[in-house]
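J.: Sharing a structure here in structure tokens format.
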Amino acid sequence: MKDLVKKLQKYEIRIRKAINTQMQGNFHSVFKGTGLEFDDVRSYQYGDDVRAIDWNVTAKGHGTFIKTYKEEKEQSVFLILDVSASQAIGTVGQQKIDIGKEICGVLALVAAKQSSQIGIVCVSDQKEKYVKPGLGIEHAYTIIKSIFELKPKSLRTNLAAGIKLALSIIKRRSIIILISDFIDQNYERELTMLAKKHDLVVIQLVDKREVDFPAMGIIPLLDKETGKTIWVNTSSATFQHSYLSTYADNQEKIAKICRKYQANYLTIDTTEEYVPQLVNLFRIRNLMRKSA
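Residue 45 in UniProt numbering sits at position 45 of the sequence shown, with consecutive numbering throughout.
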């Protein structure tokens, strides 16, 4: 655990240095909101945008009122980590679940250094772990320890149920960072609800072997979540086309939802260094905030 924490601390320092260099002092916090939130109402004045009129308040008959907004301040941050068995693909120490846990650990340390509240929900097809938001380096260490010692009760994935669980826990608008390989079906409605209600960041973990599926003839494939083995002809053009199309369609569904609701979407290959990609993500969020 000490070696792990040292590694994550080194990554956190790299992120902080890169942010300070790239943003040139304009970047106040990684976890600041990206838009505006409702503040109050005031009397309508000549020249105000009529689209900002609060008709519910105006209907009370005391005059015409408009909504006022303020920039979203630093918000609570929730990590949602998929810990199902499909994440356990790749080389030891570089599996999707390993990279997902590291990213959560690094972000917890970043939050601690920036005095941001951060919590985590780990899901499979049920709640596996919940650490409520807190401040400080000790809280960051609590999150790191809890996720790296976690042994999930279930192997299965149910992203829809996991997102619903998170929505029931997280009442106030927050920054949500959802980390999963998204190897599942029928979760689009819940993902849309999450994107509508919160400031959402989606990180999809991928392994090259899932994209560049080798043509090895007829081989057995083990589904880690169900324990079942199926035989497929990996050299078949039909199989290759169907497999790749399904994979691409799934990514496009996620990207489409994120584009529609201005959520951030990032894919991270487990064989590539993720720190520069996180820095770039924060840079994009900063630009979004400045143009909002």
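The C-beta atom is built at its ideal place from N, Cα and C for all residues, glycine as well.
Would you say the beta carbon of serine 116 comes nearer than 7 Å to a heavy atom of the ligand GDP?
T.: Looking for the ligand GDP in the displayed structure turns up nothing, as the structure carries no ligands at all.
J.: Run through DSSP, which three-state label would phenylalanine 78 get?
T.: Reduced to three states, the DSSP call for phenylalanine 78 is strand.
J.: What's the call for glutamine 94, buried or exposed, on a 16-neighbour Cβ count within 10 Å?
T.: Glutamine 94 is exposed by the Cβ-count criterion.
J.: Please state if the CB of glutamine 126 and the CB of serine 154 are separated by a distance shorter than 8 Å.
T.: Closer than 8 Å, so yes.
J.: If we count the other Cβ atoms within 10 Å of its Cβ and call it buried at 16 or more, is isoleucine 219 buried or exposed?
T.: Counting Cβ neighbours within 10 Å, isoleucine 219 comes out exposed, since fewer than 16 surround it.
J.: Quick one: what does DSSP say lysine 197 is sitting in, helix, strand or coil?
T.: Reduced to three states, the DSSP call for lysine 197 is helix.
J.: Which whole runs of the alpha helix (DSSP H) in the segment 137 to 200 are 4 residues long or more, in chain order?
T.: Correct list: 137 to 148, 159 to 169, 188 to 197.
J.: Excluding the 5 residues flanking valine 201 on each side, which residues of the same chain have their C-beta closer than 6 Å to its C-beta?
T.: Answer for valine 201: Ile177, Asn264, listed in chain order.
J.: I'd like to confirm the pairing. Which residues does DSSP put opposite phenylalanine 65 in its beta bridges?
T.: The partner list for phenylalanine 65 (beta bridge, DSSP) reads Ser43.
J.: Just how far apart, CA to CA, sit isoleucine 13 and glycine 90?
T.: Approximately 27 Å between the Cα atoms of the pair.
J.: Looking only at DSSP bridge pairs, what is glutamate 269 linked to?
T.: As written in the sequence, residue 269 is aspartate, which differs from the glutamate given in the question. Val206.
J.: Less than 8 Å between the CB atoms is what I'm expecting for proline 133 and serine 76, so what's the real figure, rounded?
T.: Between serine 76 and proline 133 the Cβ distance is about 5 Å, and since that is below 8 Å, they are a contact.
J.: Within 10 angstroms of its Cβ, does histidine 198 collect 16 or more other Cβ (buried), or is it exposed?
T.: Counting Cβ neighbours within 10 Å, histidine 198 comes out buried, since at least 16 surround it.
J.: Output the residue ranges of the alpha helix (DSSP H) runs that lie fully inside the segment 84 to 144 and measure 4 residues or longer, sorted by chain position.
T.: 96 to 113, all fully within the segment 84 to 144.
J.: Taking just the CA atoms, how far does isoleucine 170 sit from glutamine 9?
T.: Approximately 28 Å between the Cα atoms of the pair.
J.: Could you please give me the residues that DSSP links to asparagine 264 through a beta bridge?
T.: Note: asparagine 264 sits in a beta bridge opposite Val201.
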